[in-house]
Structures are given as structure tokens and as C-alpha cells.
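So the structure is just underneath, and the comments pick up after that.
There are 4 protein chains.
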Amino acid sequence: MIKAGIVGGTGYTGVELLRILSQHPEVKLTAITSRKEAGMPVADLFSSLRGHVDLAFSDTSTYDLTQCDVVFYATPHGVAMADAPKLTAAGVRIIDLAADFRLQDVATFEKWYKLPHTCPDLLKVAAYGLVELNRDALKKARIVGNPGCYPTTMQLGFYPLLKAGVVDASHLIADCKSGVSGAGRKAEMGLLLTEAGDNFKAYSVPGHRHTPETLAQLQRMTSDKVGLLFAAHLVPMIRGMHSTLYARLKDATISTDALQSLFVNAYKDEPFIDVMPFGSHPETRSTRASNMLRIALHRPDVDGKPGDTVIVLVVQDNLVKGAAGQAVQCMNLMFGLPEITGLMHVPVLP
Amino acid sequence: MIKAGIVGGTGYTGVELLRILSQHPEVKLTAITSRKEAGMPVADLFSSLRGHVDLAFSDTSTYDLTQCDVVFYATPHGVAMADAPKLTAAGVRIIDLAADFRLQDVATFEKWYKLPHTCPDLLKVAAYGLVELNRDALKKARIVGNPGCYPTTMQLGFYPLLKAGVVDASHLIADCKSGVSGAGRKAEMGLLLTEAGDNFKAYSVPGHRHTPETLAQLQRMTSDKVGLLFAAHLVPMIRGMHSTLYARLKDATISTDALQSLFVNAYKDEPFIDVMPFGSHPETRSTRASNMLRIALHRPDVDGKPGDTVIVLVVQDNLVKGAAGQAVQCMNLMFGLPEITGLMHVPVLP
Amino acid sequence: MIKAGIVGGTGYTGVELLRILSQHPEVKLTAITSRKEAGMPVADLFSSLRGHVDLAFSDTSTYDLTQCDVVFYATPHGVAMADAPKLTAAGVRIIDLAADFRLQDVATFEKWYKLPHTCPDLLKVAAYGLVELNRDALKKARIVGNPGCYPTTMQLGFYPLLKAGVVDASHLIADCKSGVSGAGRKAEMGLLLTEAGDNFKAYSVPGHRHTPETLAQLQRMTSDKVGLLFAAHLVPMIRGMHSTLYARLKDATISTDALQSLFVNAYKDEPFIDVMPFGSHPETRSTRASNMLRIALHRPDVDGKPGDTVIVLVVQDNLVKGAAGQAVQCMNLMFGLPEITGLMHVPVLP
Amino acid sequence: MIKAGIVGGTGYTGVELLRILSQHPEVKLTAITSRKEAGMPVADLFSSLRGHVDLAFSDTSTYDLTQCDVVFYATPHGVAMADAPKLTAAGVRIIDLAADFRLQDVATFEKWYKLPHTCPDLLKVAAYGLVELNRDALKKARIVGNPGCYPTTMQLGFYPLLKAGVVDASHLIADCKSGVSGAGRKAEMGLLLTEAGDNFKAYSVPGHRHTPETLAQLQRMTSDKVGLLFAAHLVPMIRGMHSTLYARLKDATISTDALQSLFVNAYKDEPFIDVMPFGSHPETRSTRASNMLRIALHRPDVDGKPGDTVIVLVVQDNLVKGAAGQAVQCMNLMFGLPEITGLMHVPVLP
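In C-alpha cells, the structure reads:
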């Protein structure tokens, strides 16, 4: 059994890790820390876990995380890197669901997150946790920078197109929509049901932190210079993410079948990527509470002929494939387990 | 492996049965029927099942259900009883999620459901599927009348009080609230997001079909004459049921601890009933997508002293403990499996 | 024109007052105060008011409220009573949407609100703002204690029954459900869309602050001793309140027509109370954004005969008839305007 | 007083027309027709209208619409054109909220709506009802083709850019999101709260009927060839529309101030268009139940400099500025009233 700890178990990625790991056949939860809630039984905070998780929150200062095989950080940016030197020295694997280890470029990290990076040397033993695109590196990583939720959809959606070099990489557009849980479990006015409910709006259009991470990863897929326009929107729903991606074909004579094949072939062996029939409209709830991500391709006609723009629709549960599920998928890979272990939940619909 | 069929797999109890049974370690799904959708792959209707359920809908007229060990009826009232004679003769167990076998009294059934009962003789091999209160009968039943969602909460909430004889059975009040999925998956104006969303209302206050079923079962718990006032309300949410039950104490000198103990003792060995600490406010989402039902007891003070009215709060997922999960719990019991088999999903929160 | 000021215009009752008063033909908004937001244009906080309200928030310490004819307090409890002596001395009318002037009994106020009452002598010039039941007192009042949202529904729902003396006043039950805006505009975890959405729960069942206020007013309607059990619930919707009231008839031989007539007669001249046909199920959205309150009566059969319990369903918009609209109705009355002035908005549906 | 009739008053644009017209100071509602509901009081169908609308639905076959000054068609496509010859001959103005008179090109109409156009000759007395862009024609029109909801946002959002010729007209992208009421009041499975709630998806990406209408109007703004990619999405909310528009600058050296000025100048005298400060994120609820449309401009940096793509965010209430409000604005214009008459409702927030 893998002894797993969770630092920061009071947020939504935390409770989702608890839901998944408490049912994982190869994991024993050994510690959940929270400075603020130390001493409180986890199931008192999240009554959904009554009977499933018997642990109480411990204080990070007192609990010795080096007893774990792996520690998940479901914390604000900056926490994982503070612990990383000590834990990696002790042979503990780290999976950070925040941004500390997502960007290899320290200057970019510091610019966007307004924090000095405290262990830049550890970046070389860190791997970016998008399993489907980074398996080899992840197998030997000591530290995982788990991807952001938006970047997961943008990368998996653009990847087959960029790798095949069929689209103009310099003008990619990602119009993304997220459920409110993407903002985390925090008492902010804008996230109230009375503010976010029955309402829709864009946010962070001038610049979202997920842009540099996505740009860096997209650039790895092609030698063309990548340009990305990313607009995030808040949807009045709890979970779910829908990205509508636009890319212009370099050569509009490519057949639609050929485009669809790029996606089918790229993901045909992936247990958690579902390439739907051409022209489908995937809905976010079809992935609710599961680690599945679904993709569908469109290419609207212009003047009666297949146009020169490809539209890729990508849906996922932002808290699972976009966060906690992806993290567990990384863990499975790092510990030599079948990737699907403990992750084959059927989506909850309706 | 138990060979299971589902008749009427296109509604919400149907898709929920599919979600649960496709993950059940002792079940093999062998048939899902739908006259209207015959031939269509199930996963085309419910994209959440892509990769989990490979069956297509079959036509009831062509598929031979006697090949199953058990058949679940997730159909309108009247369908199960039409098939019951043939299937029970062939040794197939039936679990009907509609009302055909909930009421032993045929006249009451016919009055409330406006249907003649076509196999009243089979009622004697049928048992009412509220496992916690009817285990012995269910173990040997050939047919199960799976309880309605509201009746499940009302019975489990009133049971310890009625059994102990501490409340006035003649004036029970149940103010119940249900998510919209309780009305089923049907194209009705009143169930549109634009009609039921951001809205709240009572319905069927003059008389709800779940009343006679509940009355009949409550009456089994006490020799006092039972009277029940039941008001149903529609909540703008997808799943979840909350019943607020009011009962007046015969003798207000009983201690609050003694009342709480009635509940704790009644359910202390039940895997799917969670008696919360006195004074708790359970929330429906703490049971979302799980078979758990939670109960909390209140007794507001009057003039500074514990009053003479007990309030019982009961929550469940109306589609799981209130329907499909309960049905599978019955199946487990009928086939000698541990009751919790395939039913220990951690609730999905948020 | 009535010069009106609003203290505490940053909450939901504040913005609702702004919506109503900015369209009121006899009112000129002269000041909106907020310590925290002083200097900020109101329309920057509430973009819905762009083009309708040109004021900026002022600081209470600098703006002289004695220049107003009337000041509305959309503040936490305790603020209005601090200003009341000075303002009433200057001849300014006060309408407090908090609790400072709702209870004539100072001890009860201090017990429930944990605040010393700083101007108990002013209670004698204060009137309780439930217009339909207190017109004469309101016409000459210097100060109005605007009713709570729940109490409005409970009083108007029970009034015809208590006044006629036909029900057992000692065991009234009010099972009430409110949209989330009833909790105010404040950054609290439990009010997040991710926490309150797709969820239902009771709260404050052991004792809600609206109980003493309601009890005091109900007691004015009858010489019988009043007992009230009040359970509040949170509905995943923005606005709207639905109260389900249960009262037991003293004499079950009273005809249902006679009961309905009690309501029709009590409210036949009221512009903001709609007694619906017997057996109706009013929905909250039928009052959305309007000052209308709707009532419907039920009396379920028991053993085929009209039973001995009356159910009264009451709906309103908690922010309008339950708060800001009622306050403006009070203002109209105090200033000799027709009560409906500026309040005849058609409800917004869907 | 203008005598106004409504044909098809049972849908959402119908009830919204009723809400607006019943409060309009210069209109007398004289008839509301519905074949299906003939005889039923309107307020029985929409309880929000109790006390505001006293009419009953009449049958189109019996009521003589030529008695009206203007008739609004809130019907499916094809109904208005059937009545148009008779009514226009009688001097009655027609405002069609469906598509019959939106497209001057009959072939395009027939292709997209699968209906023969029965009065193509009347198209020459018909004007497209986007008031801000078509005032002169509307003043003398006998018939108005009221714009679709999506087209309203796309046209008003792209107009200043196309008119100034600063963007590449051939590759406009419109990623649009609508509340569920945009689909109308009809009992369709996909619109149930249980299907559309807590869910997000695109629809009609291969080709939406609003595309040809929008293309035709955009083409009027520029001599460049217009190309438009339009992706519609369904948001789990009742009302509201948010369009995110992407256009690429011909010359990226244009200043951001100059771009903002294009919008400010284009709409500075418009009572129903609010150009917000550069970089704002308008939210749909800021227009709820009002005829206001808000626009904000963005231009994300690329490599630290203002990029070559302009993002225009547009919000409106799809049932008001996107349908019924716009129709009344047309009526005001046609009858020589100030355009804002009866349309200055303050948006309802929260």
C-alpha cells in the first residue's frame, strides 16, 4: 500500500483527493494537514466523508510527512516548494496541485505568481503532470507539477493539430468556460450563489496565469512560434469545464477525415481521453466526477465547402481530470500501478 | 455473476441503475430494453456511459428476459406486473422501481394508480423493498416492490419514534422537498430549467400517491392509528431529497438523550443510515450519488424548556437510496451477497 | 419630492432599495452611505445601476443625514438605533430594515441580538412595519421596524385563522424555505454557489431570531396562548421565499369554504396580497422582483373527509415584500402617498 | 393609446411582451391569441401577471386582428407571413419576433428555415429591427423583422470595428453563450433542469440559423467580404446572453484608445447601449429584465505589447434587448414615441 499524505485538505481539490484516494485499492491515507482546522475530524468538515475517512486534520508543524510515500499538495502556490527539499531528500514523492513546479522557467513563474521560487534546483527532478503527453518523464520524476485545469484542456485539444503541423500555431484561440469550483473553496463575494448564480461573465481576459504554462507546453509540440489568446469565463455550475478551441488550417485542402484521424490516432490507447464522433457536442456533465476528458472536432462550412478553421470542443470535470484525478493518475504512473487504478468511476448523470 | 436485465433504461432510475450495476463486482448486465430506443447503443443516449456500458437497447418483444437472474423495472407503473407471471414462473427475480408491488391492498393500488392490478396473487410472493425494515421478507421474496423516494425518508425518519410509541401517531407531519430528477426524465413544461430553476413551490398537497404506501408501512410499526399529513415540494436542484418530519411527544418529560438513543440504537448496525449528532443540519449533497441516508434529530425549546415536538431531518439522494441504490441493496440481499456490495461510493461533493 | 437617504447601500436590501427608489416618482435619492466604499460610485459596485443611479457612496461620518426626509437603514442590527435619537430629533423619519425596532420588548431584543438597546424610549414612537396589519400605527410613526422576511409570511399566513379563532394557536408549525439572498451579501463559505448550489438543508432549527418577533406579533392577533415551531431551510435559488404553514382546526366541522372566505375577506382590499383559488400551489417566481405576496389554502382529506389540519402556502420575493418593497410601502403610507406608488412592478418570469 | 395585439402569447417572448406592454404608458393590450389556450385567462397560465393582465387568450380564427394598430408575432417561423398581407392591407403594423422578415434574400430564408416564403413582395415594406443600426428604415416600415438574440450582440459588437475598417472582416469569430430561455418555452428533454442544469455544452456548431441573418447584416457595414464563425453554447441559467467576439486588426499599430473611441463614438447617444470602460468584464445579470446591452473591449498583450486581436464582450438579456424589449423599441420608433418609452426598467440584481 502506498502511504499518502495530503497537505491542505480543506479545499475542493483536497476533498476530491480524499474521495478518490479513500476508494483507491492501493493507497492508505496516512495524514491530512490543515493549519487552520488541526484537530478537527475531516468528516466534520465534509459530511460526505462520514464513514469513509476517519482521519482528523493534523498540523503540518507536528506531523512528520517524511513517513509518507507520496504527499499531495492541495494548497495555495508556494507551499509545496517550501517542503520540497526536505521531502525529496527523504525519498518522498511530491505531487503539487498548485503551480510551483509547472513552469521550468523561474522568471516566468516569479512574474506571474509574484513569489520568489525557493528551490529552482529541484525543477530538474520535477515533471509536468499531463500524463498523456509526458509519460516517460513522469515515470522517473520525484516531483510532479500537476497541470492547471484550463491548460489540460487546451493542450490535449490542440496537441494533435500542432504535432501534425496542420494549423497556424501563431493565432490559436481558446474560449474556455469553467464551473465555479475552479476558483476554489474560499469565501469570496464573487463566488456566492447570489452573485455567480443565473449569471455569466468573462474574467481575467487581459491575462490569466494559466497562459504562460499553456504556452510553454504548446511550444514543446511544434517548432512554429506559438501564439495563444485565452479567454476564461465563469459558468453558473458547480463542476465542469468546456473549452472551445479555434485554429486555422495552414492548408484548407486537408480533408476532414484526415483531421479527425489525427485525434483518433493520437489518443486511441488513452483510457481517459474519449475522441467522440466528428461533429459531436460533448457536454460537461458527461464527465462529472470522473477522470474522463472528451473531445469533439468541428469544421464549419464556408460558402458550402469545409472551411479553413477547425473548432475543437473539450470537456472535463475540472476537479478530476483537471486536478485531483490527474494527480492520482500521475501517482499511479510513478508507483508502477496500472494508470486506471482507482480512477474508473462512472460519471454521475444527471 | 448475477445476470441482470433492466426494462426501461432510458429514465433517471434507469441510468442510475446502469451506473451502479456496471461497476458492481457480482453483476453482469445482459439486457437493457426500451421499445422507443431499440437498437440504439445505451452510450449514445447517455454519453456518461461511453466506455462503461457496451449494450444497445433491445426491444422487450424480442429479448427473452427469462435468461436473466433478476430484472429491474425502471418503468411507468403497470409494466412490471404485466411481465411478472411469466418471469416468476421462470424463476427470475423481479425488482420493480414503480408502484406495482408496493401496496398489498389491491383496492388502494387501483384507486391511486387508476390501473387494474393484473396479478394480485403474486403480491404474496412480493416484499416491500425497504431493506432496513423488512430484511427477513426480502431474503425470500421473488418480487420486490421498491419503495418510493419520499416514503423511504418518511418511514426511516418516523420508525424509531413509532416503534417506541413515544409520539402521537395520529398527527404526523412530513414536509418533504425533492430535486427535480424525482419527477423522472420526461419532457414536461414544468420541469424545464426555465420553469423550475430559481423557483420553489409545493405540489400535490391535496393528495400524493406516496401517501397510501407510507401510511400502510407506518401502520405496521405501531398499534396506534396512524395519521399522516404529507406536503411535497420541488427544489431547483437536480438530485437530493430533504424531509422535515414533525411529531408530537405523548409525554414531554422524556429526555432528549433518550430520543436520540432511539435513533442511534435502531440504526447502529446499518451501513446506509447515518444518525448524526443531535441538532445537526444534514445537507442533501452529503449523500449525492451515494446510497447513504442521513438523519438528525431536533427538539426546539418552548419557554426555555425542551418542547413537546420532535423534528426529524432526513436527507438522501432520491435516485440512489430513494430508487436505484435501494433496488441494488435489495438485490444483494436476495442473492445472498453482503448488502454493501457495489454500493460504497463516496458521495460527490461539491 | 421626498428626500431619501440609504445607510448601508452595499447589501442586497440596499441595492433593492436603490432599484425601487430610483424609479419611484415621488422620491429623490440624496445619499447612500457606506463606510467601506465611501467615494465609489454606486454604479461601479452594482453595474445594473449604471445610468440609473448617479450617486457615489458617502461616508456616514461626513454626510449630514438630517437633510433627508427619510432614511432607510439597510445595515446590520444596531446601526439604526445609534442614529435614531439625532435623526428623530431633527424630524427625519427612519425605516430600519434590521431588527432594532421590531421588538417592543427590550429584554427579548437583547437576548436574541446580543446587543444592548441604546434608545428604548424611542420604541414608543416606533411602529412595526407590516402594513396590512398595522396601518394606523404606521401612519403616525416616526420610526419603522421593518419586518423580517420570514415573519412577514408567517403573520400574513396565520392572521385570518388566528383572528377568527378557528385553529389551535398553541401548536402552529411554519416550515419555511428561503433563497440564498436572504442571508445577505457577505462572503461566507456556506453561501458559495459551490456549497449552496444543487443542495438543500435546514438551518437554525433549534432557534431562529425571527421567532420572537413573529411570536410577539402573532400573539397580538389572539387571546389564546400562541406556540410556534419554525424551521428555516436554504433553497438553491437567488430570490424567493415559500412558507408552508400548518395549523390544526379547533373544530373540524367548519367548512372549507368558510376557511377560504376568512382569507378572501381579510385581504380583499390589499393591493399586495393575492389570495389564490383554494388548492392552488403558488410558486415563488410568480412574485420575483415584485412586492406581491401570494397565499393559497389547502386542507387535505383524511379518510375521505376534509381533515382537521389547514395548510397555508405563502410566497413572496424575500427582498421585496420581505424587505425593501415593504419598506417603501411603509414610506408611502407615512408620507401620505397612495401605498402602491412606485411599487407596481410586474413580476419577472421566467 | 396604441392598440396592440400579440399572436402566440404562451412562450417566453410572449410573456415578456406582456410584462413590458402591460406597463407601457402608451399601449393598450387588446388581444392575445393562442390556438391551444383559447379561452384561458392569461394570468392562469402566467401567475406573475395576476392583477396586471386581465385578458384571456383568444382564438386567431375568431379575433379580428385588423382592429389593432400593431400586432406582435411571438410565434414559430411562418405564422407572421401568413397574416401579413391581410394586416398590412388593413394598415396594421406587424412586428415579427420570428424570422419571416429578417432576411431580404428569399432563397436564403427558404434554405435555412425549410419553408417557402409566402409573401416575398412584402419584404420591401419590411425593415430589420435592430434600431441602433437601422433607424431610418424602421421609421417608415410597415413590417419589422425583429432580430434574433445572438445576431443583436454580434452586430452591435462588430459594428464599430467593421465600419472603421480596422479588422480583417473575413475571419470574425463569435463564441456566444445563452441562457436556456433562448430556446423558448417548449417541453423538450434537453431543456429540463435535470439535463441543462449544472451542465455546459455547445450546440449547432456546424451551422446555426442565426448565421445567415448576421452575415447579411454585417456585410452591410463593410465592402470587405465578411466571414463569420459562430459557435453557440447553452448556459445553465434562465436569462442572459454573453458573446465573446474575436477580430484581428489589419494594422496592429492602431492604439487601444483609438479602438475604444470607435465604440464610444458609435454609441454615445444610444440609450440602450452601454460602452463600459476598456478592460471591463460585463456580466449578464447586469442587464437582467432590462433592455440594456453592455459592451466592453479587450486587447490582450502579446510579448508585452498590445496584440493584434481585439476581443469584444457583449451582454444582454436575451428576452429583452434580444427579443421583446427590442420589439417594443421598434414599436416606439414606428409610432413616433420617444424610443425609451416604457423601457427604462432598472435591471434586477441579484
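Each protein sequence line maps, in turn, to chains Z, R, Y and B.
Residues in the first sequence are numbered from 167 upward in steps of one, following this note's numbering.
Residues in the second sequence are numbered from 167 upward in steps of one, following this note's numbering.
Residues in the third sequence are numbered from 167 upward in steps of one, following this note's numbering.
Residues in the fourth sequence are numbered from 167 upward in steps of one, following this note's numbering.
Idealized CB from N, CA, C, for every residue including glycine.
Just so it is clear, the structure is predicted and the values come from calculations on it, not from any experiment.
- Taking all protein chains shown into account, I506(B) has fewer than 16 neighbouring C-beta atoms within 10 Å of its C-beta and is therefore exposed.
- Cβ neighbours of E203(R) within its own chain (closer than 7 Å, five residues either side excluded): T176, L211, F223.
- Interface criterion met: the Cβ of F366(B) is under 9 Å from a Cβ in chain Z.
- Per DSSP, F396(R) is one residue of the beta strand (DSSP E) stretching across 394-401.
- Think of a sphere of 9 Å around the beta carbon of Q492(R): no beta carbon from chain Z falls inside it, the nearest being about 17 Å out.
- The Cβ of I339(B) sits closer than 9 Å to at least one Cβ of chain Z.
- Close to E354(Y), with beta-carbon spacing below 9 Å, are these residues of chain Z in chain order: A353, L358.
- Below 8 Å, too few C-beta pairs join the segment 327-343 of chain B and the segment 431-450 of chain Z to call them touching: fewer than three.
- Here the alpha carbon of M387(B) sits roughly 12 Å from the alpha carbon of V332(B).
- At the C-beta level, T453(Z) and G406(Z) come within 9 Å of one another.
- Counting only runs that start and end inside the segment 359-387 of chain B, the alpha helix (DSSP H) elements of at least 4 residues fall at 359-362, 376-385.
- In the displayed model, E505(Z) falls within coil according to three-state DSSP, outside both helix and strand.
- With a 10 Å radius around the Cβ and a threshold of 16 neighbouring Cβ atoms, T419(B) comes out exposed.
- The way I'd put it, the segment 304-320 of chain R does touch the segment 481-501 of chain R; three or more beta-carbon pairs between them come closer than 8 Å.
- About 6 Å separates the Cβ atoms of L184(R) and L215(R), confirming a contact at the 8 Å cut-off.
- Taking a cut-off of 8 Å for Cβ pairs, the segment 355-363 of chain R and the segment 496-506 of chain R do not touch, as fewer than three such pairs fall below it.
- The residue among C315(Y), K252(Y), L515(Y), H408(Y) with its C-alpha nearest the C-alpha of E379(Y) is C315(Y).
- Around L289(Z), the same chain offers F267, Q270 as residues with beta carbons nearer than 7 Å, after the five sequence neighbours per side are excluded.
- Look at the segment 400-457 of chain Y and you find these whole runs of alpha helix (DSSP H), each 4 residues long or longer: 422-433.
- H464(B) is bridged by DSSP to I477(B).
- Per the coordinates, the alpha-carbon of Q495(R) lies some 12 Å from the alpha-carbon of F238(R).
- Note: D341(B) is bridge-paired with A397(B), T410(B) in the DSSP secondary-structure output.
- Considered as a whole, the segment 287-357 of chain B harbours 297-305, 315-330 as its complete alpha helix (DSSP H) runs of no fewer than 4 residues, in chain order.
- Residues of chain R with a Cβ closer than 9 Å to the Cβ of D467(Y) are, in chain order, P372, G373.
- Taken in chain order, the members of the segment 391-414 of chain B whose beta-carbon sits within less than 7 Å of a beta-carbon on chain R are P402, I404.
- Closest in C-alpha terms to E182(Z), from the list V258(Z), T422(Z), H337(Z), A493(Z), comes A493(Z).
- By the criterion of at least three beta-carbon pairs nearer than 8 Å, the segment 277-287 of chain Y is not in contact with the segment 188-199 of chain Y.
- Contact annotation, L384(B) with L328(B): C-beta distance approximately 6 Å; criterion of less than 8 Å satisfied.
- Take the alpha-carbon of Y178(B) and the one of P443(Y): they are about 25 Å apart.
- Listed along the chain, the chain Y residues whose CB falls inside 9 Å of the CB of S200(B) amount to none; the nearest CB is some 17 Å away.
- Chain-order list of chain B residues neighbouring Y178(Y): P516, by C-beta distance under 8 Å.
- Rounded to the nearest angstrom, the gap between the Cα atoms of I261(R) and G488(R) is 14 Å.
- Minimum Cα-Cα distance from I168(B) among the listed residues P466(B), I404(B), R259(B) corresponds to R259(B).
- In the DSSP assignment, R185(Z) falls within the alpha helix (DSSP H) that extends over 178-187.
- The beta-bridge partner set that DSSP reports for S214(B) is empty.
- Annotated as proximal: F429(Z) and L463(Z), with beta-carbon spacing under 9 Å.
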